[in-house]
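*Asks:* Got a structure for you, written out below as structure tokens; questions coming shortly.
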Amino acid sequence: MNEHEWVYVDTFTHSVVVAPPPGDLVRLPREAIDLLTTQWILCPSDTDVREEVLARIELLRKTLLYLEVANTHRCNLACAPCYRLAPDVDRTLDMQPETADRLVDWVENRLEGGAYRELTVDFLGGEPLLAADCLYHLVIRLNSAAKSHGVAFECTVVTNTTRLGRTEAAALREAGATGVQVTFEGPRRVHDLRRGVSAGEPGSYHAQVRLLQELRGVLKVTVRVNFDRQNLASLPELFRALNELAEEGCFRREDLFISPVAKTFPVSPHPHLDRYAFTPQESAEAMEFILRERLEAGLGVGDADLVPEYPCRFYVCDGYSIDAAGRFFVCGSLFGSDLHYADLVSPPSRPAWKRTDLSKRCLGCVYLPSCLGGCPMLGPLSEAGLHFCPAPYIDTYLRTVALTLARCSPADPPRAGNRSTRGG
């Protein structure tokens, strides 16, 4: 790359293109312009872009039913930082059998009345495997419901790995789960300190490394790394270790998801995280360091790294977040709060927000295709007069990505990957 080249990214197709600046695109050959148009890098007008964004959202909402389910709020670790350590979260709650069955009945009714092509479920907690009977029951029944309606089923269990082994992974696969997500907090000393465990204990760094080696060929493994003020400087060492695990076939490099712990709102719903969290601007600026170190470690770059303020999954599907009590939230990070908007006794017929109600300011913004109006939590929190616009954050992010890619050797281009599941 040079100063006369721009990096163009599309948040839906995950296309990443290096091309001349916008003013020079009209000079490209017709074949190149047609290619950029089919990849949604180019659009005839700003109006067409906005209409296309909203049209895609409506299409995905009709075809993808997404659930984020906490089958328990219990956890046997106290990882720092974790939003579930907020003082108002009931950390003793398990989903009861009648609640689980009511959830499945509601899903079956949704599938019966819709035109969905896929049912995707992420289980989180707490630690889902602390309520293993409920977890297996839900996976089996939801998988069966999807099959009976001719709908594809994808299911990921977000786990701290303390109760996960090859036997449990095989049982999850037999039930219908397709993957697990594990989190590394840093290299060994940092990971174990932040999790409050000793070396070799379940959930410790070395225990998770051994587990990933054991799970090869059993389930898809997604690796998540959250970065914040406490662990940022230690991540180069972790990246080198993760690259070795990828070389061993323990997970695919494109299934590595790196995410900032960011303070999105002036008044946080989780103030206990403030000492760890970056401001959005700081997290964007930290990405230059993250991307450079990821590339140097041999891990490549995933599309989650290239797309700033990636649209929340709940914006681009028919998505619902349900806690162990059967309450509906706009985001799982609000579990335990009073911000639920429905429950399984009187379930909703649609998500709690609409993308057609975007403000004129959002509809007129060039970053709309990236952020789609901001975080889902903006809805309930906006009633308290809070508002966060990610435009400055996205601008910094894009500059960071362009600068990082400019440093890549042409002989060793960054790999493109797929964004993994969300979760804690």
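Quick note, the sequence shown lines up with residues -13 to 410 if you use the numbering used here.
Ideal Cβ placement from N, Cα and C applies to all residues, glycine included.
Within 10 Å of its beta-carbon, does Lys133 have 16 or more other beta-carbons around it, so buried, or fewer, so exposed?
*Replies:* Reading the sequence shown from its first residue, position 147 is the one you call residue 133. By the 10 Å Cβ count, Lys133 comes out exposed.
*Asks:* Glu171 to Leu124, Cα distance in whole Å?
*Replies:* What you label residue 171 is simply residue 185 of the sequence shown in a count that begins at 1. What you label residue 124 is simply residue 138 of the sequence shown in a count that begins at 1. Cα to Cα, Glu171 sits roughly 29 Å from Leu124.
*Asks:* Could you tell me which of Ser190, Gln82, Thr24, Tyr(-6) sits nearest to Thr148, measuring between CA atoms?
*Replies:* Taking the sequence shown and counting its residues from 1, the one referred to as residue 148 is at position 162. Among Ser190, Gln82, Thr24, Tyr(-6), the Cα nearest to that of Thr148 is on Ser190.
*Asks:* Can you give the beta carbon distance from Phe225 to Glu279, rounded, assuming they're within the 8 Å contact cut?
*Replies:* In the sequence shown, residue 225 corresponds to position 239, counting from 1. In the sequence shown, residue 279 corresponds to position 293, counting from 1. The pair is a contact, with the Cβ atoms about 6 Å apart (cut-off 8 Å).
*Asks:* From the DSSP output, in three-state form, read off Arg249 for me.
*Replies:* For the purposes of this step, residue 249 is taken as the residue at position 263 of the sequence shown. Per the sequence shown, residue 249 should be read as Lys rather than Arg. Reduced to three states, the DSSP call for Lys249 is coil.
*Asks:* Assess, as a yes-or-no matter, whether the stretch 209 to 224 is touched by the stretch 155 to 171 under the definition of 3 or more beta carbon pairs within less than 8 Å.
*Replies:* yes
*Asks:* Can you give me the C-alpha to C-alpha distance between His141 and Thr164, rounded to a whole angstrom?
*Replies:* Translated into the one-based positions of the sequence shown, residue 141 becomes position 155. Translated into the one-based positions of the sequence shown, residue 164 becomes position 178. Per the sequence shown, residue 141 should be read as Cys rather than His. Taking the straight line from one Cα to the other gives about 5 Å.
*Asks:* Between Gly305, Pro222, Ala272, which has its C-alpha nearest Ala283's C-alpha?
*Replies:* In the sequence shown, the residue the question calls residue 283 occupies position 297. Nearest option by C-alpha distance: Pro222.
*Asks:* Could you please give the first and the last residue of the uninterrupted alpha helix (DSSP H) stretch that includes Gly99?
*Replies:* Taking the sequence shown and counting its residues from 1, one reaches residue 99 at position 113. 83 to 99 is the extent of the alpha helix (DSSP H) around Gly99.
*Asks:* Looking at the unbroken alpha helix (DSSP H) that takes in Phe275, where does it start and where does it end?
*Replies:* What you label residue 275 is simply residue 289 of the sequence shown in a count that begins at 1. Residues 266 to 282.
*Asks:* Here's a check: name, in chain order, each residue in its chain whose Cβ is nearer than 7 Å to the Cβ of Gly182, leaving out the five neighbours to either side.
*Replies:* Here residue 182 corresponds to residue number 196 of the sequence shown, with the count starting at 1. Answer for Gly182: Leu63, Ala64, listed in chain order.
*Asks:* Is Gly111 near Thr78, with beta carbons less than 7 Å apart?
*Replies:* Residue numbering aside, residue 111 sits at position 125 when the sequence shown is read from its first letter. Residue numbering aside, residue 78 sits at position 92 when the sequence shown is read from its first letter. Cβ distance not < 7 Å, so Gly111 and Thr78 don't count as in contact.
*Asks:* Is the stretch 41 to 50 in contact with the stretch 89 to 96, if contact means three or more CB pairs nearer than 8 Å?
*Replies:* no
*Asks:* Under the DSSP definition of a beta bridge, which residues are partnered with Arg313?
*Replies:* By 1-based counting over the sequence shown, the position of residue 313 is 327. The partner list for Arg313 (beta bridge, DSSP) reads Asp329.
*Asks:* If you check the beta carbons only, do Val166 and Val143 fall under 7 Å apart?
*Replies:* As a working mapping, residue 166 is identified with position 180 in the sequence shown. As a working mapping, residue 143 is identified with position 157 in the sequence shown. Contact: yes.
*Asks:* Touch check for the stretch 199 to 206 and the stretch 230 to 244: three-plus C-beta pairs under 8 Å?
*Replies:* yes
*Asks:* Can you tell me the Cα-Cα spacing of Pro6 and Leu28, whole angstroms?
*Replies:* Residue numbering aside, residue 6 sits at position 20 when the sequence shown is read from its first letter. Residue numbering aside, residue 28 sits at position 42 when the sequence shown is read from its first letter. Distance between the alpha carbons of Pro6 and Leu28 is about 12 Å.
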